[in-house]
Amino acid sequence: MDSLATLASATWGGPLLVLALMLPVAALMLAFVLGGRHAERVVLATLPIGLGVAVAIAAAIIHQGAALHYDLGGWAPPLGVSLHADGLSATLLLTTAVVLCAVGLYARADFRVPPGVSEARAPLAFWTLLLAVWAGLNAVFLGQDLFNLYVALELLTFAAVPLVCLSGSPQTIAAALRYLLFALMGSVLYLLGGALFYGAYGTLDIPMLSARLASGDPIAPAALAAAALMTAGLLAKTALFPLHLWLPPAHAGAPAAGSAVLSALVVKASFFLILRLWFDVMPASLTHLAAQVLAALGAAAILFGGVLALRQARLKMLIAYSTLAQIGYLFLVFPLVANPAAAPILDLGQTPGAWTGGVLQLVSHAFAKAAMFMAAGLIAGALGHDQLRGLGGIGRVLPMTVFAFALAGLSLMGLPPSGGFASKWLLLSASIETGQWWWTLVMLAGGLLTGAYLFRVLAPALSTRGPPLTLVKPVERSRELVVLGLALCSVVLGLVPFSSFGLVQIGRLGATGIGLP
Amino acid sequence: MSVALAADAGLALLILGLAVWTSIARTAGGAVIGFMAYGLLVALVWVRLAAVDVALTEAALGSGLTGFVLLGAAARLPRDAPAARPGWGLRLAAGVVSAAVAAGLAAVVLLLPVSAPTLAPAATANLPALGLGNPVTGVLIAYRAIDTLLESVVLVLALIGLWSLARDGDWGGRPGALRSADPSPALVLLAQVLPPLGILVGIYLFWTGAIAPGGAFQGGTVLAAMWVLTLVTGLTRPPRVGGRGVRLLLVAGPALFLAIGVAGFWLGGAFLAYPAGYAKPLILAIEAALTLSIAVALGLLLAGPPLAQSGPRA
Amino acid sequence: MSEFLLIAALCVLGTVALGLVVILRGPTEADRLSAAQLLGTGGVAALLLLGVATDTTGVADLALVLALLAAFAAVAFITPFGTNGGRADPVAQPDRPQDPE
Amino acid sequence: MTIALTLFTIITVALGVVFFLAGTVGLLRFPDTLTRLHALTKADNLGLGLVVLGLLPQVAWPFGGLKLIAVWLLALLAGATVGPLLGHAAWTQERGREPPP
Amino acid sequence: MSSVTLFGLCGAALVGLGLFGLIVQPGVLRKILAFNLLGSGVLLLFGVIARRGGGVVAGNGSDPVAQALIITALVVAFAATVLAVALLRRLVQETGRDSLDSDG
Chain A
1 MDSLATLASA
11 TWGGPLLVLA
21 LMLPVAALML
31 AFVLGGRHAE
41 RVVLATLPIG
51 LGVAVAIAAA
61 IIHQGAALHY
71 DLGGWAPPLG
81 VSLHADGLSA
91 TLLLTTAVVL
101 CAVGLYARAD
111 FRVPPGVSEA
121 RAPLAFWTLL
131 LAVWAGLNAV
141 FLGQDLFNLY
151 VALELLTFAA
161 VPLVCLSGSP
171 QTIAAALRYL
181 LFALMGSVLY
191 LLGGALFYGA
201 YGTLDIPMLS
211 ARLASGDPIA
221 PAALAAAALM
231 TAGLLAKTAL
241 FPLHLWLPPA
251 HAGAPAAGSA
261 VLSALVVKAS
271 FFLILRLWFD
281 VMPASLTHLA
291 AQVLAALGAA
301 AILFGGVLAL
311 RQARLKMLIA
321 YSTLAQIGYL
331 FLVFPLVANP
341 AAAPILDLGQ
351 TPGAWTGGVL
361 QLVSHAFAKA
371 AMFMAAGLIA
381 GALGHDQLRG
391 LGGIGRVLPM
401 TVFAFALAGL
411 SLMGLPPSGG
421 FASKWLLLSA
431 SIETGQWWWT
441 LVMLAGGLLT
451 GAYLFRVLAP
461 ALSTRGPPLT
471 LVKPVERSRE
481 LVVLGLALCS
491 VVLGLVPFSS
501 FGLVQIGRLG
511 ATGIGLP
Chain B
518 MSVALAADAG
528 LALLILGLAV
538 WTSIARTAGG
548 AVIGFMAYGL
558 LVALVWVRLA
568 AVDVALTEAA
578 LGSGLTGFVL
588 LGAAARLPRD
598 APAARPGWGL
608 RLAAGVVSAA
618 VAAGLAAVVL
628 LLPVSAPTLA
638 PAATANLPAL
648 GLGNPVTGVL
658 IAYRAIDTLL
668 ESVVLVLALI
678 GLWSLARDGD
688 WGGRPGALRS
698 ADPSPALVLL
708 AQVLPPLGIL
718 VGIYLFWTGA
728 IAPGGAFQGG
738 TVLAAMWVLT
748 LVTGLTRPPR
758 VGGRGVRLLL
768 VAGPALFLAI
778 GVAGFWLGGA
788 FLAYPAGYAK
798 PLILAIEAAL
808 TLSIAVALGL
818 LLAGPPLAQS
828 GPRA
Chain C
832 MSEFLLIAAL
842 CVLGTVALGL
852 VVILRGPTEA
862 DRLSAAQLLG
872 TGGVAALLLL
882 GVATDTTGVA
892 DLALVLALLA
902 AFAAVAFITP
912 FGTNGGRADP
922 VAQPDRPQDP
932 E
Chain D
933 MTIALTLFTI
943 ITVALGVVFF
953 LAGTVGLLRF
963 PDTLTRLHAL
973 TKADNLGLGL
983 VVLGLLPQVA
993 WPFGGLKLIA
1003 VWLLALLAGA
1013 TVGPLLGHAA
1023 WTQERGREPP
1033 P
Chain E
1034 MSSVTLFGLC
1044 GAALVGLGLF
1054 GLIVQPGVLR
1064 KILAFNLLGS
1074 GVLLLFGVIA
1084 RRGGGVVAGN
1094 GSDPVAQALI
1104 ITALVVAFAA
1114 TVLAVALLRR
1124 LVQETGRDSL
1134 DSDG
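Residue numbers (the working numbering), protein chains in the order written: chain A, 1 to 517; chain B, 518 to 831; chain C, 832 to 932; chain D, 933 to 1033; chain E, 1034 to 1137.
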C-alpha cells in the first residue's frame, strides 16, 4: 500500500526508538485501565522489556558507530517530528532503564495493594506515575524537536509532581505545589524560547536549527534571547543554585522510591536539554563568559549544597541537599569542554575527557543517589524515622543497607574505585589541563564537604557503642540486595576502562570540534 | 493611523489594563473575574491575529473552563489576611529581571527578521493527501501527531495526579467537588436546556474541524462543560474512579491513536503514518475518540478528587 | 456595508469596555461578574458583526461557543457545590489519621 | 430589495449598539447591584437581539442564520439564569455585610 | 507600527507582568493567575510570530503549525492550572492558608 510519506528517512534500528518511547506509554494506559493489583504486574513486566530495548539501542549505536534516527509518521522535519538517539541518549536511556528496574523491584513492598480492597490510591498512582516518568524521560532523551521536547518536559512534570505528595501530608503538598510552580515557570520560559527560534528560523528541528545557526550569517537576536530564556527555564527545572528552593523539600518529602526517581533521573532530563541546547543547537554561541557563568553557578551549588547538607537533621533532607551539590558538578562541564585546549586528555580519540567526565557524573550520580535514597527509605522504614541523631548503631542491624549507602557515598565523594571517581578525575584533569585551576579548587572543596556530610551519617551508623536498636519493621533482604546492586553499579562504572566509554561520544554533532571557535 | 490599528491599540491597552488589575486586585475573586474578562479579550486578539482555531480553544478552555476552576477556588479560599509580601530586595530584583525580560522581548519583536520564515506552505500543500481542509488539524493529527498523542496522555496523567490527592479512605468513591446540595431552580433550568444544544455544538466543532476551525480539543472542551453543568445540578452523577468503564473512555482516544499509529508501520510505511486513501476516515476516527476522551478527562478534572460516599466510612 | 458593520463592532466593544470600569470598581463580586457578563455579550455581538463583515470562517462558531459558555464560569462562583455535599470543603478532617509514609 | 435589506441591517444594528450603550450606562450609573443587574439583562437581551436581527439578511441560510439565532437564544438563556443567581448572591452578600442597626 | 507588532509588544509586557507576579505574589492563587498571564503572554508572542509567517505566505492567514503548537500549549496550561488549584485546595484544607511557607 502506498504511503503518504515522502522524503522521510529512518536509520536501521530506528523503530527501536519508537518502541522505547511508546512502550511505557502503552503500559501506562494498560496499567491505568486494569488498575488494582494489575498495575504493579504491568510495570514489572514492562521494565525488563524496556531494559532490553535500551540495550538494543545502545548495541545498535555501537555496532553502527552512528546515531539512530526515525522520522515519525513519515513526515521529514521541519514539517514532521523525528526521534534521534546518539550515544548520550543511549547512555541515559540505559541508565534510566536500570534505575527504574531497581526502583520497581524496591517499591513492591511499599506500594502493595492491601488485602481486602481491590485497589488503593497510592499504589495505583505510584505505578502509573512511574511509567509516566519513564515515558517522559525517554521522550526527552529521544526528542529532536524543540516543541516535542516541551511536551516531553510537561509529561515529566505531570508525572513527577504527584509523586512528591503521595503521602498527603501538608508539608509534601506544599513542596509539590512549589515544585509545580517552579516547573511551570521553567517550561513556559522554555516554550517562549522555542517560539522565538521558530520565529527566527522557521523550524524547531535541532539539526536544522544548528545548520541555520552555523551558516555564517550573524545570529538573530531572537535566537540569543531564545537561548537565554530556555537556559533560565531549564535551570529552574534542574534546580541549579539560586533556583534550587523547591528541590530539597520535594525530593525529601516523596516516598523513598519516588525520591530515587526524582533525584536520580528527573532533574537530569532538564540538564540533558541544556546540553542539547548548547552543544547541539548552538555550539558556536557558547562563549567563554556564558560557560564560566554556568560553571560559577554550579560551583556555588556545590559549596552551598554541601554546607547546607552538613546542617540537616534528617537523612532524606541531607541526601536531597547532596543532590543540589552534585548537580553543580554537571555544570562544570561547560567551561571545561568549551576550552579548545581541553582536547585529548586521555586516550579517547579526538574527544575531550571533560565531556565523558560530565556524562559519567550524570550516570554515576543517578545510580549512587537512587541507591542512597532507597537505602534511606529502608532505614526510615526500619526505624520509623530518619533523624540523623537516632541512627546510632544502625550498621549492626542493617549491615548490607549501610554498606550500600557507603558505596554510593564513595561515588559521590569521588573516591576510587567508583564511577564518581572516574568522572571527577576526568573533570579535574580537564580543569588542570586547561589551566582553569579555580574549578579544581571548587571540586576539591566539594569532595571534602561531601566527605564531611557523609561522615555525619556513617560515623554514628557504624559506631559499635550505644544501646541496641529496636526495629519498627523488619527489612526484607531482597530490597537490601536491590539497593546494593544499584550502589555496586555506581562503583563498577569506575572499574571499567575509560576507552569503553566511547559510546557517549557517538553522534555528537560536532564530534571533532566540541569547543569554542 | 487607521481605524483598525486604533481598535487594536485599544484592545491591547484593555488587555494590559486587565492584566494589571488581575495582579493587583484586592480580593481573589476580583482578580479571577478580571482574568476571565482578560481571557475573553485575548480570544478576540486571536481572531485579529487570524488564528480562529486558537481563539476557539482560548474561549472554551482558556476563559471558560479555567475561569470555572479559578472562580471555584477563589470562592473557597480562607478570608484571612494574605501572607506577608516578600521583602523589598526580592521585589526589586524580581522587578528588574521581569522588566529586563519584557524589554528584551519587545526588542526581539521589533527586530524579527523581515522575511518571516514559515512552514505554512508545506503544511497546506500536503493537506489534500490527507483529505483535510483545515491545516491546523493536519498538523495536530498528521505532521506532529506525536505531540498530540503525548498531549492526550498528559491529560490522563493530570487526572491521575488529581485523583492521587484524594484521601486513602475515599479511593473508589465518586468525585465530589461538584456536588451541590441544593441547586437553585434557575441553575437546574440552565442544566436542562443548555446541554442538548451544547452537545450539538461540541459534536459540530469536532466534525467541522476537518475542514474549518475546530477539532477534538475544542469540541471536547464544550462537551466537558455541558457534562459539568449536569454534574453541578445533580442531573448526572460522576463515575466512580475505580470503574473500568470510565478509564476505558479516558484512554480510548490515545489508545486508538497509538493503535492506528502502530498499524502505520505496516500500512503506511512508518509509525503514525496513514495509508494513502484511508487517511481521512482514520483521522476522523481518531478525532472522534480523542474528542470523547478529552471531554471525559476535562470533565473529571473539574470534578475533583474522589470522595467517599456519605454514610459510614470504612 | 462591511465598513459599517466593523464600526458597529468597534462601538459595541468600546461601549462594553467602559463596563470594565465596574469590574475595577465593584463594590461586590456580583457587580464584577455582571460586568464580565456584559463584556461577554458585547464580545459575542462584536464577533458576529466582525464575522459577517470580514466573512471569516469560524468566527460565528467562536461567538456560539462564547455564548454557550457565558453562564458557565459564573456557575462556579454562585453555586455552593462541594460545600455541603456531605463534607465541608475547607475544613480538615481532624479525626482522619495521616497516611503512613 | 437589496437596498431595503441593507437599510434594515444598518438601522437595527445601530439600534442594537444604542442598547449596549444603555446597558453600560446603567451599569455605571444605577445606585445598587440589583438595578444594575436589571440594566445588564436589558442590554443582553435587546442589544444582541437587534444585532442578530440586523445581521440575519446578510448571512447564508439556513445554517448561518440558524447559528445567529442560536447565539441569541443562548445569550438569553445565560442572562435569564445568571441574572437571578447573581441577584441572589448580591443580596446575601450585601445583607451579610450590613451590620444590624 | 502594525497591529501585529502592537500585539507582540503587548505579549512582551504580559510576560514581564506574569513573571513578576509569579515571583512576588504571596498567595498561591495569585501565583497561579500570574502563571496564566505569563503563559498567555508567551502564546501571544507565538501567535504574533505565526501571523507574520502565515501572513507573508498565505496572504491573510496564520501559520497553522504555530497555531497547532499554541493549542497544544493551551491545553497543557489548563491541565497545569487544574493540578495547581487542586494542590492549593488540599493545602487550604490541611493548613487553612493559601500561601507557601516563607521564601516563595
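The beta carbon of each residue, even a glycine, is placed where N, CA and C say it ideally should be.
Residue environment, residue i, which counts as buried when at least 16 other CB atoms sit within 10 Å
{"i": "C/Arg863", "result": "buried"}
{"i": "A/Pro78", "result": "buried"}
{"i": "A/Lys473", "result": "exposed"}
{"i": "B/Ala802", "result": "exposed"}
{"i": "B/Asp699", "result": "exposed"}
{"i": "B/Ser540", "result": "buried"}
Collapsed DSSP secondary structure at residue i in the structure displayed
{"i": "A/Asp86", "result": "coil"}
{"i": "A/Asp205", "result": "strand"}
{"i": "A/Trp75", "result": "strand"}
{"i": "A/Arg479", "result": "helix"}
{"i": "E/Ser1132", "result": "strand"}
{"i": "A/Tyr70", "result": "strand"}
{"i": "B/Pro713", "result": "helix"}
{"i": "E/Gln1126", "result": "helix"}
{"i": "A/Leu243", "result": "coil"}
{"i": "B/Asp699", "result": "coil"}
{"i": "A/Arg314", "result": "strand"}
{"i": "B/Pro771", "result": "helix"}
{"i": "B/Arg691", "result": "strand"}
{"i": "A/Asp217", "result": "coil"}
Pick from the options that is closest to residue i, judged by C-alpha positions
{"i": "A/Leu407", "options": "A/Ala132, A/Ala371, A/Lys424, A/Gly35", "result": "A/Ala371"}
{"i": "E/Val1118", "options": "B/Leu657, B/Pro638, B/Phe774, B/Leu582", "result": "B/Leu582"}
{"i": "A/Leu410", "options": "A/Ser364, A/Gly435, A/Gly395", "result": "A/Ser364"}
{"i": "A/Pro529", "options": "B/Val586, B/Leu607, B/Ile728, B/Trp744", "result": "This structure does not reach residue 529 of chain A, given that chain A is present from 1 up to 517, and the question cannot be answered."}
{"i": "C/Gln888", "options": "B/Ile811, B/Gly726, B/Gly770, B/Gly794", "result": "Per the sequence presented here, residue 888 of chain C reads as Thr, with Gln not at that position. Ranking the options by Cα distance to C/Thr888, first place goes to B/Gly726."}
{"i": "A/Phe455", "options": "A/Leu30, A/Leu391, A/Val53", "result": "A/Leu391"}
{"i": "A/Val98", "options": "A/Leu265, A/Leu324, A/Ser478, A/Leu28", "result": "A/Leu265"}
{"i": "C/Gly850", "options": "C/Leu837, C/Thr859, C/Gly873", "result": "C/Gly873"}
{"i": "A/Leu177", "options": "E/Val1125, E/Glu1127, E/Leu1121, E/Thr1128", "result": "E/Leu1121"}
{"i": "B/Ala825", "options": "B/Ile663, B/Trp688, B/Leu815", "result": "B/Trp688"}
{"i": "A/Leu336", "options": "A/Leu192, A/Ser431, A/Leu245, A/Leu196", "result": "A/Ser431"}
{"i": "B/Ser580", "options": "E/Leu1124, E/Arg1130, E/Ser1073", "result": "E/Ser1073"}
{"i": "A/Met185", "options": "E/Ile1065, E/Leu1039, E/Gly1044", "result": "E/Ile1065"}
Cβ-Cβ separation, residue j to residue i (assumed contact under 8 Å), whole Å
{"i": "E/Asn1095", "j": "B/Leu566", "result": "In the sequence under discussion, the amino acid at residue 1095 of chain E is Ser, which differs from the Asn named in the question. Right, the Cβ-Cβ distance comes to about 6 Å (below 8 Å), so this counts as a contact."}
{"i": "A/Val491", "j": "A/Ser423", "result": "Actually they do not touch by this definition, with Cβ atoms about 12 Å apart."}
{"i": "A/Phe334", "j": "A/Leu262", "result": "Not a contact, Cβ separation roughly 24 Å."}
{"i": "A/Glu154", "j": "B/Val671", "result": "6 Å"}
{"i": "A/Gly143", "j": "A/Ala152", "result": "5 Å"}
{"i": "A/Ser89", "j": "A/Phe126", "result": "Actually they do not touch by this definition, with Cβ atoms about 26 Å apart."}
is_contact[residue i, chain G] using C-beta, thresh 8 Å
{"i": "B/Ala729", "result": "This model lacks chain G altogether; the protein chains it does include are A, B, C, D and E."}
At least three beta-carbon pairs within less than 8 Å, the stretch 733-751 of chain B to the stretch 706-717 of chain B: yes
The stretch 1053-1064 of chain E touching the stretch 524-534 of chain B, judged by at least three CB pairs closer than 8 Å: no
Cβ contact check for the stretch 264-282 of chain A and the stretch 231-251 of chain A: 3 or more pairs under 8 Å: yes
The stretch 397-406 of chain A / the stretch 452-471 of chain A touching (three or more Cβ pairs under 8 Å): yes
Meets three-Cβ-pair contact criterion under 8 Å: the stretch 202-211 of chain A and the stretch 66-78 of chain A: yes
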